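Engineer: For reference, the structure I am asking about is given below.
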Amino acid sequence: MPPVIPIDDPDDPRIAAYRNVRERDLVGREGLFIAEGEVVLRILLQHSRHRPLSLLLAENRVAALAPLTTGLPDEVPVYAAGRAVLDAIVGFPLHRGILALGRRAAEPGAGGLLATLPPRALVAALFGIGNHDNVGGIFRNAAAFGADAVLLDRGCCDPLYRKAIRVSVGAALTVPFAWFDPSEDPLELLARHGFEALALSPRGGTALADVARADRAAVLLGSEGPGLPDALLERARSVRIPMAPGFDSLNVATTSGIVLHHLAQG
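What follows is the structure, given as structure tokens:
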């Protein structure tokens, strides 16, 4: 483990990447991301395909995290600061006291990722889901039920946004994902790779309980409220989750968990 480097000045240039975390999350980090919390840090260091670049810890968390950080290479510095300095750096009270800066692994296009999946595969395809909690929740469900990948259109938020990673309990760092190119037809791409597209909608033509799992299945999920675009619903097999009279919608992350669980059993 490299020696812990004390930081006593919020303007220290060595920790510039951690400054004003929320504001910088909103404008993007040019191939980098921030991970927060002990569980997420453990996944980043031990199970992720992404590479840690540095850690920034509250002084009172350093000793407890030593078993986790001991194996870090020397080129991954570990910075430590008192609570007041730490909060001044990140721009808000950092109750967990644990941050890491990571570099994103190379991200294949959607077609490239689909081509690497096994003959029997399950993926989630997201359209227009801009809420970080929902994207994080979907990645958590994808990991829990053994989905092979998540595909996203450009209307979705970045799965490696700090809050999405945290809500996913680190699953956004482990579940492979890729972006649809705006110029490509998602349904045509899925069909070309042998996937049956199942479009979730309260108006779906088939009840989920009646859906038998195809060897290659793609669960299509849309944003809260508008749902999936009609252009997708009209061309895919539409599926509904029956509900009590007078109520017809679920949170999209909840929907993903129900559907992925059902398909995982098939």
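Those letters in the sequence shown? Residues 1 to 266, per the UniProt record's numbering, in order.
Just so you know, even glycine gets a beta-carbon here, dropped at the ideal spot from N, CA and C.
Just so we're clear, the structure is a prediction, and the values are computed from it rather than from any experiment.
Could you tell me which residues DSSP puts in a beta bridge with residue 32?
Structural biologist: Taking the sequence shown and counting its residues from 1, the one referred to as residue 32 is at position 32. Paired residue(s): 103.
Engineer: Can you have a look at residue 141 and say buried or exposed, based on whether 16 or more other CB atoms are within 10 angstroms of its CB?
Structural biologist: Start at 1 with the first residue of the sequence shown, and residue 141 comes out as number 141. Per the 10 Å Cβ criterion, buried.
Engineer: For residue 182 and residue 249, I'd like the C-alpha separation in whole angstroms.
Structural biologist: Position 182 of the sequence shown, counted from the first residue, corresponds to residue 182. Position 249 of the sequence shown, counted from the first residue, corresponds to residue 249. About 28 Å.
Engineer: Please report the straight-line C-alpha distance between residue 152 and residue 243, rounded to a whole angstrom.
Structural biologist: Taking the first residue of the sequence shown as position 1, residue 152 is located at position 152. Taking the first residue of the sequence shown as position 1, residue 243 is located at position 243. Answer to the nearest angstrom: the Cα atoms are 27 Å apart.
Engineer: Residue 97: buried (16+ other C-beta within 10 angstroms of its C-beta) or exposed?
Structural biologist: Your numbering for residue 97 matches position 97 in the sequence shown. Flag for residue 97 reads buried.
Engineer: Per DSSP, what kind of secondary structure is residue 256 in: helix, strand or coil?
Structural biologist: Numbered from its first residue, the sequence shown carries residue 256 at position 256. Correct three-state label for residue 256: helix.
Engineer: Mind the definition here: the region 228-243 touches the region 195-208 only if three or more C-beta pairs lie below 8 Å; say whether that holds.
Structural biologist: At 8 Å Cβ cutoff, the stretches touch.
Engineer: Under a Cβ-count criterion, where at least 16 other Cβ atoms within 10 Å of its own Cβ denotes burial, should residue 119 be classed as buried or exposed?
Structural biologist: To locate residue 119, count along the sequence shown from 1; it is residue 119. When all chains shown are included, residue 119 counts as exposed.
Engineer: For residue 231, which option in 188, 218 and 258 has the closest C-alpha, if you only look at C-alpha atoms?
Structural biologist: Locating residue 231 in the sequence shown gives position 231, where the first residue counts as 1. Of the candidates 188, 218 and 258, the one whose C-alpha sits nearest the C-alpha of residue 231 is 188.
Engineer: Between which two residues does the alpha helix (DSSP H) harbouring residue 66 extend?
Structural biologist: Residue 66 sits at position 66 when you count from the first residue of the sequence shown. Residue 66 -> alpha helix (DSSP H) spans 66-69.
Engineer: In this structure, how does DSSP classify residue 135 when only helix, strand and coil are distinguished?
Structural biologist: Counting from 1 along the sequence shown, the entry for residue 135 is found at position 135. Here DSSP, grouped into helix, strand and coil, assigns residue 135 to helix.
Engineer: As a quick exercise: from 114, 37, 173 and 217, pick the residue whose alpha carbon is nearest that of residue 103.
Structural biologist: Within the sequence shown, numbered from 1, the residue matching residue 103 stands at position 103. Nearest option by C-alpha distance: 173.
Engineer: Can you check which of these residues, 86, 165, 133 and 124, is closest to residue 147 by C-alpha distance?
Structural biologist: Along the sequence shown, read from residue 1 onward, the residue named residue 147 stands at position 147. The shortest C-alpha separation from residue 147 is found at 124.
Engineer: Go ahead and label residue 30 buried or exposed: buried means 16 or more other beta carbons lie within 10 angstroms of its beta carbon, across all protein chains shown.
Structural biologist: Walking along the sequence shown from the start, residue 30 turns up at place 30. Looking at its Cβ environment, which holds fewer than 16 other Cβ atoms inside 10 Å, residue 30 is exposed.
Engineer: Could you pull the start and end residues of the beta strand (DSSP E) that residue 78 belongs to?
Structural biologist: Here the question's residue 78 lines up with position 78 in the sequence shown. Segment 78-81, the beta strand (DSSP E) holding residue 78.
Engineer: Taking C-alpha atoms, which residue in 162, 255 and 229 lies nearest to residue 20?
Structural biologist: As a working mapping, residue 20 is identified with position 20 in the sequence shown. Of the candidates 162, 255 and 229, the one whose C-alpha sits nearest the C-alpha of residue 20 is 162.
Engineer: In the DSSP assignment, what residue or residues form a beta bridge with residue 121?
Structural biologist: Counted from its first residue, the sequence shown places residue 121 at position 121. DSSP output for residue 121 lists 216 as bridge partner(s).
Engineer: Rounded to whole angstroms, what is the Cα-Cα separation between residue 133 and residue 40?
Structural biologist: Here residue 133 is taken as the residue at index 133 of the sequence shown, counted from 1. Here residue 40 is taken as the residue at index 40 of the sequence shown, counted from 1. The alpha-carbon atoms of residue 133 and residue 40 are separated by roughly 15 Å.
Engineer: Report yes or no: do three or more beta-carbon pairs, one from the region 48-60 and one from the region 76-83, lie closer than 8 Å?
Structural biologist: Result yes; three or more Cβ-Cβ pairs closer than 8 Å.
Engineer: Measure the Cβ-Cβ separation of residue 88 and residue 10 and say whether it is below 8 Å.
Structural biologist: Numbered from 1 along the sequence shown, position 88 holds the residue referred to as residue 88. Numbered from 1 along the sequence shown, position 10 holds the residue referred to as residue 10. In contact: residue 88 and residue 10 (Cβ atoms closer than 8 Å).
Engineer: Alpha carbon to alpha carbon, how far is residue 54 from residue 213?
Structural biologist: Translated into positions along the sequence shown, residue 54 becomes position 54. Translated into positions along the sequence shown, residue 213 becomes position 213. The straight-line gap from Cα to Cα measures roughly 43 Å.
Engineer: Quick one: Cα of residue 179 to Cα of residue 193, how far?
Structural biologist: One-based indexing of the sequence shown puts residue 179 at position 179. One-based indexing of the sequence shown puts residue 193 at position 193. So the two alpha carbons sit approximately 16 Å from each other.
Engineer: Residue 48 and residue 128: beta carbons closer than 8 Å?
Structural biologist: Translated into positions along the sequence shown, residue 48 becomes position 48. Translated into positions along the sequence shown, residue 128 becomes position 128. Residue 48 is not a Cβ neighbour of residue 128, given a cutoff of 8 Å.
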